[in-house]
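Data block below; observations after.
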Amino acid sequence: MYLSYFGLKEQPFNVTPDPKFLYFGEAYQDALAYLIYGIRMRKGFVVLTGEIGVGKTTLINALFERLDDSHRIAHLVHSNMSLKDMLRFVFRDYGLDASGKSKSELLLALQDFLIRLDQKSGNAVLIIDEAQNLRSWQLEEIRLLSNIETAKRKLIQIVLVGQPELLQLMNSTELRQFKQRVSLHFHLKALNREESETYIEHRLKVSGYQGKRLFEDGALDEINNFSEGIPRLINSICDRAMIKAAIGGQQKIDRKLIKKVL
Ligand SMILES: Nc1ncnc2c1ncn2[C@@H]1O[C@H](COP(=O)(O)OP(=O)(O)OP(=O)(O)O)[C@@H](O)[C@H]1O
Ligand SMILES: [Mg+2]
-10 MYLSYFGLKE
0 QPFNVTPDPK
10 FLYFGEAYQD
20 ALAYLIYGIR
30 MRKGFVVLTG
40 EIGVGKTTLI
50 NALFERLDDS
60 HRIAHLVHSN
70 MSLKDMLRFV
80 FRDYGLDASG
90 KSKSELLLAL
100 QDFLIRLDQK
110 SGNAVLIIDE
120 AQNLRSWQLE
130 EIRLLSNIET
140 AKRKLIQIVL
150 VGQPELLQLM
160 NSTELRQFKQ
170 RVSLHFHLKA
180 LNREESETYI
190 EHRLKVSGYQ
200 GKRLFEDGAL
210 DEINNFSEGI
220 PRLINSICDR
230 AMIKAAIGGQ
240 QKIDRKLIKK
250 VL
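What follows is the structure, given as structure tokens:
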């Protein structure tokens, strides 16, 4: 533990998607703007991709906080489930009763709910995280959900979030129909050298750090190279570096120290 050594109130580099630590750099702002636009404009399908650990789930948590009360949100983390099981989770999140209903009854009840919500100017959102693990037949079933629409607009906005494999899946010939429905796709890029530095400083500040500049330029170069700008990796390198610095009685983190913890 190095909290008292560096005068911190809490762990700066935890690898949980805590919105309090949100670093809202340009790529994150753009991604969030895309998602909100897709949902508000009722685009039907919106896809967010990005490398492992780049911040997709963190961004989805930030999205929740920014959608007003007219939105009803269901949030699934994909696991291998049937459409019927998926619908049960969706019902729970929308506050609907799924008990004793068959798959077709669930679909009818959902349609009914979506039409009534639309009449009250509400908007239903379904977010599916870890969507790269979906099978093509599951994506086909999800496509059927998005068919619930009026002549004017889509009644449910489906946000698929996943690693780049999701794109490969969508590009397969059997999912051509599905791909045509996707009107918005945003790929979240990793941080560049400058952004990595701002990111690290931001997390230190949020955790209460008030001392002098902790990470030297050489250390930041090394962290950015090794992590390729992926926040989850940046966090774990910085965490190890701070432990080592505290143990060794160092007040600064330089390139040499980073090399030791890589
Ligand atoms: N914009 C950000 N602000 C603050 N921390 C972030 C940000 N993006 C990522 N992180 C940190 O990196 C960790 C990994 O991010 P997250 O879990 O959101 O990645 P992911 O893209 O969903 O990864 P996976 O592909 O494994 O699902 C988070 O727990 C958080 O600590
Ligand atoms: Mg994730």
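Taking the working numbering, the leading residue of the sequence shown gets -10, the next gets one more, and so forth.
Positions of the beta carbon are idealized from the N, C-alpha and C atoms, including for glycine.
| Asked | Found |
| --- | --- |
| Does the beta-carbon of Leu193, which I'm using as the reference point, lie nearer than 6 Å to any heavy atom of ligand 1? | no |
| Answer yes if the region 183 to 199 comes into contact with the region 42 to 50, meaning at least three C-beta pairs across the two stretches below 8 Å, and no otherwise. | no |
| How would you call Asp206, buried or exposed, if buried means at least 16 neighbouring beta carbons within 10 angstroms? | exposed |
| Use the C-beta contact count for Gly89: other C-beta atoms within 10 angstroms, 16 or more gives buried, fewer gives exposed. | exposed |
| Can you list, in chain order, the stretches of the beta strand (DSSP E) that have 3 or more residues and sit fully within the region 69 to 145? | 112 to 118 |
| Which full runs of the alpha helix (DSSP H) of 4+ residues lie inside the region 186 to 225, going along the chain? | 206 to 216 |
| Name the two residues that bound the continuous beta strand (DSSP E) containing Phe175. | Val171 to Leu177 |
| Quick test of the definition: if touching needs 3 or more C-beta pairs under 8 Å, does the region 102 to 115 touch the region 51 to 67? | yes |
| Relative to the C-alpha of Tyr(-9), which candidate in Arg55, Ile236 and Ser110 has its C-alpha closest? | Ile236 |
| Give the straight-line distance between the Cα atoms of Glu252 and His174, rounded to the nearest whole angstrom. | The displayed coordinates of the chain run from -10 to 251. Any statement about residue 252 would go beyond what the structure contains. |
| Excluding sequence positions up to five away, which residues of its chain have a Cβ less than 6 Å from the Cβ of Met159? | Lys168 |
| Do the region 117 to 136 and the region 144 to 163 make contact, defined as three or more Cβ pairs closer than 8 Å? | yes |
| Just reading off the beta strand (DSSP E) that Phe34 is part of, what are its end residues? | Phe34 to Gly39 |
| May I ask whether a heavy atom of ligand 1 can be found less than 6 Å away from the beta carbon of Gly197? | no |
| In the DSSP assignment, find the alpha helix (DSSP H) that holds Arg55 and state where it starts and stops. | Lys45 to Arg55 |
| So, are the CB atoms of Asp228 and Phe2 less than 7 Å apart? | yes |
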